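In the working numbering, the protein residues as written are 8 to 194.
Read through the structure below, which is laid out as structure tokens, and then see the notes.
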Amino acid sequence: MAMRVDDDLRPQTLKIVLVGDAKSGKDQLINRYIKNEFSDVYVDTTIAAVFQKTIAICRQPNDSSNVLLFCWSIAGASSSSYISTFTRADRSLVIMIICDLTQPDDELRIQQYRGLIADKDAGVILVGTKMDAVPTVHRTEREQKFRAFAAHFLPLHPCVITSAKTGEGVEVAFKRAVQMGLKIEEP
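Rendered as structure tokens:
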């Protein structure tokens with residue numbers, strides 16, 4: 008006889024899929040969020056890597072529940088095949104498009120991901136990474152350029168500036184993803 012697990016005891020799940028070019032900072036962003044760690048050592052994600060974390064969500068006072076996050080890091084060339092496996096029926100999906108801010112024209116390269124998200128019923132966030140590596144004298148200019156691109160490329164979606172090395176913006180990016188994926192209004 009099979010035992011039935013009560014659906015109320017099972018945590019809700021949310022998939023957060025990070026897509027971007029190789030070395031754009033996808034794995035380090037996840038590593039900072041999940042483990043609060045950073046490593047300068049580059050490990051190639053040949054196809055995809057999946058990380059998980061359970062978080063508690065309070066929707067109302069005295070009403071919290073657990074959510075199991077599956078964070079996928081998908082290398083640029085394989086993004087199309089992996090994203091297509093997430094169906095429209097999967098309502099708990101957020102795509103983070105990762106842009107390496109140290110690369111002057113990375114915005115042009117990430118335009119390839121627009122087609123991946125055009126027909127998906129998913130939340131989308133544009134995330135600029137490695138802000139700490141942008142020379143200090145160019146940071147304001149680089150941030151303004153990225154935000155202007157985001158407003159043009161994905162005008163209805165949020166963009167967040169991050170640094171996995173310093174931790175800047177990482178919690179904000181994942182908090183926005185969770186709110187978007189679970190359809191939680193921002194306070």
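Every residue gets a Cβ at the ideal spot worked out from N, C-alpha and C, and that includes glycine.
It should be emphasised that the depicted structure is a prediction, and the values quoted were computed from it without experimental measurement.
Exercise for the section: Would you kindly check if the distance between the Cβ of valine 74 and the Cβ of valine 179 is under 8 Å? Expected result: The beta carbons of valine 179 and valine 74 sit no closer together than 8 Å.
Exercise for the section: Examine the Cβ distances between the region 135-148 and the region 46-64 and report whether three or more of them are shorter than 8 Å. Expected result: No, the region 135-148 is not in contact with the region 46-64.
Practice task
Pick out whichever of Arg183, Lys172 and Asp51 has its Cα sitting closest to the Cα of methionine 138.
Solution key: Just measuring C-alpha positions, the residue of Arg183, Lys172 and Asp51 sitting nearest methionine 138 is Lys172.
Handout entry: Which listed residue (Ala56, Leu21 and Pro18) has its alpha carbon closest to that of glutamine 35
Key = Per the Cα distances, Ala56.
Practice task
Answer yes or no: do phenylalanine 156 and glutamate 114 have a C-beta to C-beta separation smaller than 8 Å?
Solution key: Yes, Cβ-Cβ distance for phenylalanine 156 and glutamate 114 is below 8 Å.
Practice task
Spell out the partners DSSP gives glycine 188 in its beta bridges.
Solution key: Bridge partners of glycine 188: none, in fact.
Handout entry: Per-residue burial, asparagine 43 [other beta carbons within 10 Å of its own, 16 or more giving buried]
Key = Here asparagine 43 is exposed: its Cβ has fewer than 16 other Cβ atoms, across all protein chains shown, within 10 Å.
Practice task
Kindly indicate which three-state DSSP category asparagine 73 falls into: helix, strand or coil?
Solution key: In the structure shown, asparagine 73 sits in a strand (DSSP, three-state: E or B).
Handout entry: Boundaries (first-last residue) of the beta strand (DSSP E) holding glutamine 19
Key = From DSSP, the beta strand (DSSP E) with glutamine 19 extends over 19-27.
Practice task
Give me the Cα-Cα distance between lysine 33 and glutamate 192, rounded to the nearest whole angstrom.
Solution key: The straight-line gap from Cα to Cα measures roughly 26 Å.
Exercise for the section: Label tyrosine 49 either buried or exposed according to how many other C-beta atoms from any shown protein chain fall within 10 Å of its C-beta, with 16 as the threshold for buried. Expected result: When all chains shown are included, tyrosine 49 counts as exposed.
Problem - For phenylalanine 153: DSSP bridge partner residues - result: When DSSP reads this structure, phenylalanine 153 sits in no beta bridge, so it has no partner.
Exercise for the section: Report the partner residues of methionine 103 according to the DSSP bridge assignment. Expected result: For methionine 103, which the question treats as bridged, DSSP gives the partners Leu25 and Ile132.
Handout entry: Contacting residues, own chain, Cβ-Cβ under 6 Å from tyrosine 40 (five flanking each side not counted)
Key = Apart from sequence neighbours up to five positions away, the residues of its chain that approach tyrosine 40 with a beta-carbon distance below 6 Å are Val177 and Phe181, ordered along the chain.
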